[in-house]
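Take the sequence shown: its letter number 836 is residue 838 in my numbering, and every next letter is one higher.
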Amino acid sequence: MATTLSLFWNLSSASKKERISSTVKLVNSLEKFQGQHAPKVSPGSEDDEENVGSTDGLDVLNAHDVAYSIRRLIRGLASPRESSRLGFSVALTELLSRLDTVTSAQVISIIVDGSKIQGSMTGQEERDILFARLFGLATVIHSGLLVRQTPLSTSPSSATNSSSLESYKELVDHLLILAEKKSWLRECAWWTIGQAIDAVIKSSVSWKEEALASTLEVVYERDKDICTPEAVAITLKLQPAMPKHDWKTTLAPTFKNSDILAPANFASLGRILKETPGEDEWQQSNTGTWKAQLHYVWNIIFDSLLPESEPGRRRSAVFQEFFRVVVDETLFGASSSPERKFWGFLVFKKALRRVDGADLPMLFTKNFMRSWINHLSQKDRHLHKISQDVVKDIQNFVQQNPDLGFTLILQLTGIHGSQQFDKLTRTKTVESILSKMDGDGIMKYIQSLLEQMDESDNDIVAEENKKIWIADQFAALVRNGAIPKREDWIQLILNWFAVQGLYVVKRKSAKGLLAALHVTPSNLPSEDFRRICRGKLLGCLADLTPPPTASPKGDKAPKEGTKVDDESWISKIFTVVNQLDKDSKHVTPLSEPSQEEQLLLQQAHKIIDNLRQVDGETREAAKGVELLLSASLLHRRCANLDDNEPDAGTLETCLAAAATMFSTDNSSKKRRKSQTISQPESPKPIDMLVDVLIGFLEKSTSYLRAVANKTFSCIASAATETTIDLIVAQLERRNPADLVADEEDEIESATSEGSDEDAESSDEDDESEFDDDDEAALELRMKIEDALKANGVEAAIGDTDEESDEELADDEQMMAIDEHLAEVFRSRSGDSKQSKNVNAQREATHFKNRVLDLVDIFTRKMPQSPHNLRLVLPLIELATKSGNDERQLSDKARGILNNRLAKLKDPLQEVDQEYAETILDELHIRARKAHSSDALATLSNCSLFICRVSTNTSREKSVLRLYRESIVDFITRKASSLNITFFKDFITRYPALGWCLRDDILDTSSKAINVYRKCQAFQLLNVILTLSTSAGDPQDVLSFILKLHTAVLHFIDSACDDQVSLSAAQIKDLFKLVMVGVRQASKVDNSNQNVWDSGPWHALHGRLVASKRFGSSIAVLKLCSQVESALQAQHGRQHNVIAPKRKVEEVEAEGVSSATKRKKKKSVSTSQS
């Protein structure tokens, strides 16, 4: 027993791994013991019968350890410790499955005897005993002992079987007693009876039919009305095994049909599975016994209707009716409680995993969809969480079956759902399903939407709303970045928007490529719908225009569908529009261009054709101009239809610039040359195009902004100094009052131009103006009345001809009234002006933010351009002088400076050095007055960028001059905003130039404004010595180190004399600087003799020891001793190099004496300490 007792403890462990490991070890050990055991008495003899009468009979055929283990495992089932019930039941099941020396009757008897309830037991103890009996009887079933046919392992004459019909009946009777004992044990006990029935059905025992008949008799004797889910579960198990039984008589009158899953029985079955026999569930249901898990009968029903292992036996048609009646009309009925609806959601989740794609729509029934949408829309609903779980299951289902996503969307947005499903439920269910679908599923969805578009409806308002919803769905497909894009369905959507927004369909074209022309709509779309389509067309084109990339090398591939065959979607739609203009048989444009516009369009088409033929280095710029012209023509056409007159000169400017930049014949070149000579002040074509792009950014629409950015990325290589100056000019700060004045001037000019037209409808405009200003007028009137009342005057109300009896106000009252009224009008004027200033400033900030996109594009596309220098100061102005309301603007400018310009890998080409020096000078001036560390860091990065430009062209003198001036300002001026990092970055980046500043820093340190700045100067020298000594001449290095030695020694001496105040940390830094100097001196020249002298440092050590301030600092004294030792070692190496050879005896004698001296010195220092 010593080998198995220790294994019982881990059977109760909370760790599943430990429980299984102990079970394996225990069963294997017991199996070995049983194999070595030899039974002495045959179980069929008289002696055996006597033994069984007095004991349980286990010791007759089993080894002692085995018999003990069976009893202990059965007793352990009642243990409340941790997971003992699980561990002991698993071990007992496995042990019984391997033993052929026990009978089911023996084990059942031991289990029943060991789980008897005593009167003195507490509630918890009684609960443990009942569970022990349930688990024990379950082990008999799961181990196979209940239906085992092999006889006991005894003498050949023995015929004792391991199982019998009597033991089976006894087991069922005990389980039925358990089911009636406690309500919370009912379902578990009946489930175990079902397991026993399954074991009998699968076996080949001779008493199978008798066992099933007895089970049927016992079950229906105890549940005569058959109105429990347990009885339904047993019936579903027995019906296939007993086909000859008269089930119609047995099931009557509860069920009408002999097949319990026949459609005629679904109404009764629904009432039973709902577990509320009455009509009013809210009064008769006992929610106290309700539990969140589904009854096990649902698994049996699903296995019968939708078996997973046998697809050929699926009864999909029956299941559809079952789900409609039992689930939708019963569990989700109008009178159902939230608890039953919770069960309904669990049934839906179970069914979702089993149904086929063709049967999927049967699950989205009317009542289910209503309950799901209602509980999903509000977080405070009882079933909101389970509704969200259903959404997650649907999303996972689509991810595993992308081809079924289209079917699901049709159900969510169909007759039982809502077209605004995501909006109603405040989720992204439909959007997430679309993102998980493949291209074919998206195309099916689009085709279904187009079919809905063609369906006519008598309700005009409903039909209009449906069209708008379809347009929204198309736009969402294009704009959702998670949806995989494909060229065919993107082209289909854009073509549909173009036809609906720009044309009237006269005749259908069944063979045409445009889906919008396949069916002639019964009702013409309204102007509002057409306006929506035009807006969504431009919005989708903006989303499909990819953002500019730095260069084709190493960039990520663009998203599928954004660009195909190197042709933008704007150009594709422009081509489609041109084809539709020529197709007068099927469509008619909504607006016919005038003769002037036709000439302009002809010229534009000719230039676009010429641009498509451009090759070579200017191919990219030609593509950009082509995109600009195509986009401008599309926008112009949409704006004309929306009554928004576009800028008349924009298109003409683009055409003139394009014709000048990309002329194709000699005559045009001569004409361009003559124009250039005759008009020396005319703007460059690239400047004209960039000016148009800036105008696009002012309008701030996503379409124009995308066109401007993409076009500029293509033509950035043609930018000149004037182009950059034009962009930079937009970033200048302006007074908000000036912005408001400019807007008012524009409004006045527009008003004066259209004064004639306004005069014709002045009356109507006056009425509308009065209507719009009612609130403001009432507020002003109230203020005036309050001012009059404050001075004792009542305001006149209404018109009257009767004489008034009130007294007239005197002069003093009139003066007071005048002051109050003046204050009222001043406050009104001030509020209006202030709001205008705020709005103008906000618009200016947004505009500058968009202009910075052009700057960012240029720095990425043209990193080696010398024009990048012209961007530094304007960006510095934005990064350092923007207000709190322009934080985003300053951050963006700072990001361009720090991440683009300051990190350029390749040097600039053909730089104007004088201009670079001017910028560097300005940067240092600003750095000396910077107000924040972020601004100073940005200025430092820009200064290093300019230094790199200057050093590449051998202009180091100007760089050193500016840094010398900044060093002097930093060390000698207290209010200087410079910090030590500003110079450390320069020295680290350019060590050779940093070495040239060594003497300036050391000399200026003597003029430091305070001790702290002087210590920072020595820190800079530490960096220089560490990084830059290799760049200097050895003699210069030694002489500088000697000079530094004197300065540091004098500085520390003055601290010992209390002339300056140095902290211990500052003195330690100075000593570290000296040590760096010693190491550098030894590197450059090992034979120097006059650099260091340890004598002054020995004297300094004595002064430090005697100092009241530093004498107690062990770290300071230790560092000073290290310096002295290093100098002595240096001096010793010099002496060894110079001294002549001596006899061995002299060297040994000197070594002895020096060793003696060191011992004496050590003893002295020890006694002192």
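Glycine included, every Cβ here is placed at the ideal spot set by N, Cα and C.
Does DSSP put residue i in a helix, a strand or coil?
i, result
"Asn1012", "coil"
"Ile569", "The sequence shown places Glu at residue 569, not Ile. Three-state DSSP puts Glu569 in a strand."
"Val616", "coil"
"Pro242", "helix"
"Thr590", "strand"
"Tyr505", "strand"
"Asn64", "coil"
"Pro153", "strand"
"Lys18", "helix"
"Asn163", "strand"
"Gln866", "coil"
"Tyr705", "helix"
"Tyr222", "helix"
"Val357", "coil"
"Arg957", "coil"
"Glu967", "helix"
"Ala721", "coil"
"Lys931", "coil"
Could you give the distance in angstroms between the alpha-carbon of residue i and the alpha-carbon of residue j?
i, j, result
"His588", "Glu331", "51 Å"
"Glu723", "Pro876", "14 Å"
"Ser166", "Ala80", "27 Å"
"Asp261", "Pro309", "17 Å"
"Lys1085", "Tyr992", "21 Å"
"Ile444", "Ser945", "54 Å"
"Gly55", "Asn64", "With a pLDDT of 40 at Gly55, under the threshold of 50, the modelled position of that residue is not reliable, and the figure given next carries that caveat. Answer to the nearest angstrom: the Cα atoms are 17 Å apart."
"Gln581", "Leu629", "18 Å"
"Glu277", "His384", "20 Å"
"Met364", "Cys190", "32 Å"
"Arg975", "Tyr917", "28 Å"
"Glu888", "Leu1075", "45 Å"
"Trp374", "Phe344", "10 Å"
"Arg957", "Cys998", "14 Å"
"Ile302", "Ala269", "18 Å"
"Leu1046", "Leu1119", "20 Å"
"Asp1002", "Arg966", "7 Å"
"Glu825", "Ala842", "26 Å"
Given that a residue counts as buried once 16 or more other Cβ atoms are within 10 Å of its Cβ, and exposed if not, what is residue i?
i, result
"Glu1097", "Checking the sequence, you will find Gly at residue 1097 rather than Glu. So Gly1097 ends up on the exposed side."
"Thr577", "exposed"
"Glu312", "exposed"
"His66", "exposed"
"Met690", "buried"
"Tyr705", "buried"
"Ser389", "buried"
"Gln413", "buried"
"Glu232", "buried"
"Val234", "buried"
"Val853", "buried"
"Asn525", "exposed"
"Glu919", "buried"
Find out if the Cβ-Cβ distance for the pair residue i, residue j is shorter than 9 Å.
i, j, result
"Cys542", "Ala477", "yes"
"Ile969", "Phe985", "yes"
"Val221", "Ile179", "no"
"His176", "Ile119", "no"
"Lys34", "Leu9", "no"
"Gly359", "Thr409", "yes"
"Phe860", "Ile982", "no"
"Asn12", "Glu20", "yes"
Closer than 8 Å to a non-hydrogen atom of the ligand FAD - does that hold for the CB of residue i?
i, result
"Ser15", "You won't find the ligand FAD in this model; it holds no ligand whatsoever."
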